[in-house]
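Take a look at the structure below.
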Amino acid sequence: MQVILGPDQASRAGLTPTFWAVLLCGLSASLVAAMAAHLLASNQRTTREALAVSEAAARERALASTVFDASDQGIVVTDPAGRILMANNAFTQLTGYRLSEIQTQTADLLRSERHSPAFYRDLWQGVQQRGCWQGDLWNRVRSGEMRRHHLSITTVRDEALQPRYLVGFLQDITERHAADEMVRHQALHDTLTGLANRALLMQHLERDLLLAKRYGRAIGLLYLDLDGFKEVNDRYGHAVGDRVLQLVGQRLQAVLRQSDLLCRQGGDEFVVLVPDAGNLDELVTLANKLVTACGSSLGDLGAGMALSASVGIARYPDHGESIDDLMVAADNAMYVAKRTPGRQVHLAETRRRNSG
């Protein structure tokens, strides 16, 4: 039985270091060779693995750098306080700023005056609470021009899950936004006159009626029909008729307040929505102004051309509590004015209230 002593045991047994050297030298050459080969292979494997990890990390850094520089999206990196640390070429092209001009500044240098302070508070709360935010906003670029951007912000955290960087991705959508707005405008406005159409009138009427009910306000609805317009079309042609409608629309608009909405209902009919309307006498006064505007000279559109208008008036809550009730009441009142000689303005019949 062979016993190999450890260093402590050897020390206690009085064995010197020389003994251990001699003992090691006495080990078989094959065992030493095997141990050496194992150690060498282990070291080589560790070295290869470390080298592979280092090379992979280098490749990832190179890829990230390439993507950062080549991206057509603007990319900006800031610290958690929003101070700019780095930005790619696309960001400088989108904003007009060189990196040297904006480094250490905050992203507030792009802030426009088109958003309220509450908008930016909500933006930063989203970043701080959820770690991200995305949406569309207006930015003021270096030239002073306002540009519409889509912005996406992501928080990069460290090992302790604390915010380390904010990465913003910026895309210019100004032209797309303008195209969308044009489509939306066309969907809600009359092609000939540029006035609101029935769809937009219904949107405003629904909103204003809800507010009127909530806050105890009144709203007015004036239904206007041009008298003699068919004769204008027949005598002068549709091109002149179209120009008459455009001119009448401009004249009616000039009479109204900025808060009032003028709509071309169709044909030669117009509707005026008066939010937060005054009393009935004030609505009658407004209706007479509209009639006068329609009866003014039409200039060079046609010699002897004459127009007049008939207006029906309905008011919430006097003549109805729903959109349909008010529209029908104003329309019926307009036809009464049209059929009654010498009368161009007529108030709707006051609805009967249940005495419950």
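Residue numbers (our numbering): 2 to 357. Even glycine gets a Cβ: it sits at the ideal position worked out from N, Cα and C. The structure presented is a predicted model; accordingly, all values stated were derived computationally and were not measured.
Check whether residue 313 and residue 338 have beta carbons under 8 Å apart: Result yes, Cβ atoms of residue 313 and residue 338 sit closer than 8 Å.
Collapsed DSSP secondary structure at residue 142 in the structure displayed: When DSSP states are grouped into helix, strand and coil, residue 142 belongs to the coil group.
In DSSP terms, what residue 270 is bridged to: Paired residue(s): 226 and 267.
Residue 143 versus residue 129 - alpha carbon distance: It is roughly 28 Å from the alpha-carbon of residue 143 to the alpha-carbon of residue 129.
contact_flag[the region 129-138, the region 149-167] where n(CB pairs < 8 Å) is 3 or more: Yes, they touch.
Touch test, the region 111-118 against the region 135-154, Cβ-Cβ under 8 Å, three pairs minimum: Yes: the two stretches touch, three or more of their Cβ pairs being nearer than 8 Å.
Counterpart residues of residue 257 in DSSP-defined beta bridges: Looking at the DSSP assignment, residue 257 forms no beta bridge with any residue, so it has no partner.
Contact set for residue 99: own chain, Cβ-Cβ below 7 Å, skip 5 residues either direction: Excluding positions up to five away in sequence, the list reads 93.
Three-state secondary structure assigned by DSSP to residue 286: Three-state DSSP puts residue 286 in a helix.
Close Cβ partners of residue 351 (< 7 Å) along its chain, the five nearest in sequence each way excluded: Correct list, in chain order: 319 and 320.
Simplified DSSP assignment, three categories, for residue 310: Residue 310 falls in the strand class under three-state DSSP.
For residue 88 and residue 103, believed in contact at Cβ under 8 Å, the rounded distance: Cβ atoms of residue 103 and residue 88 come within 8 Å of each other, at about 7 Å.
Beta carbon of residue 288 nearer than 8 Å to that of residue 316: With respect to residue 316, residue 288 sits apart: the two C-beta atoms are not nearer than 8 Å.
Boundaries (first-last residue) of the beta strand (DSSP E) holding residue 173: That run of the beta strand (DSSP E) goes 164-173.
Unbroken alpha helix (DSSP H) run spanning residue 127, endpoints: Residue 127 -> alpha helix (DSSP H) spans 118-131.
Contact set for residue 158: own chain, Cβ-Cβ below 7 Å, skip 5 residues either direction: These residues qualify, in order along the chain: 164 and 165.
Sequence-distant residues of its chain with Cβ nearer than 6 Å to residue 250 (five each side left out): So the list reads 194 and 196, once near-sequence residues are dropped.
Buried versus exposed call for residue 342 [16 or more other C-beta atoms within 10 Å across all chains shown]: Residue 342 comes out exposed.
For residue 235 and residue 329, the rounded distance between their alpha carbons: Roughly 29 Å between the two C-alpha positions.
Extent of the continuous beta strand (DSSP E) run through residue 101: Looking at the DSSP string, residue 101 is not in any beta strand (DSSP E); the run it does join, the alpha helix (DSSP H), is 100-103.
Nearest neighbour of residue 346, chosen from 283, 258 and 154 [CA to CA]: Ranking 283, 258 and 154 by Cα distance to residue 346 puts 283 first.
One or two residues paired with residue 216 in a DSSP bridge: Partner(s): none; residue 216 has no beta bridge.
Residue 334 classed as buried or exposed, judged by whether at least 16 other C-beta atoms fall within 10 angstroms: When all chains shown are included, residue 334 counts as buried.
Residue burial classification, residue 179 (beta-carbon count within 10 angstroms, cutoff 16): Exposed is the call here.
Where residue 347 falls: helix, strand or coil (DSSP): It is a strand residue.
Strand pairing of residue 113, partner residues [DSSP]: Beta-bridge pairing links residue 113 to no other residue.
For residue 317, the residue or residues it bridges with in DSSP: According to the DSSP secondary-structure assignment, residue 317 is paired through a beta bridge with 220.
For residue 194, the first and last residue of its enclosing alpha helix (DSSP H): Unbroken run through residue 194: none, as it is neither H nor E.
Buried/exposed call for residue 243, threshold 16 Cβ in 10 Å: Here residue 243 is exposed. Its C-beta has fewer than 16 other C-beta atoms within 10 Å.
Per-residue burial, residue 117 [other beta carbons within 10 Å of its own, 16 or more giving buried]: Looking at its Cβ environment, which holds fewer than 16 other Cβ atoms inside 10 Å, residue 117 is exposed.
Cβ shell of residue 230 (< 6 Å), same chain only, five flanking positions each side left out: Excluding positions up to five away in sequence, the list reads 269.
Pairwise C-alpha distance: residue 160 and residue 12: With a pLDDT of 45 at residue 12, under the threshold of 50, the modelled position of that residue is not reliable, and the figure given next carries that caveat. For residue 12 and residue 160, the distance between alpha carbons rounds to 48 Å.
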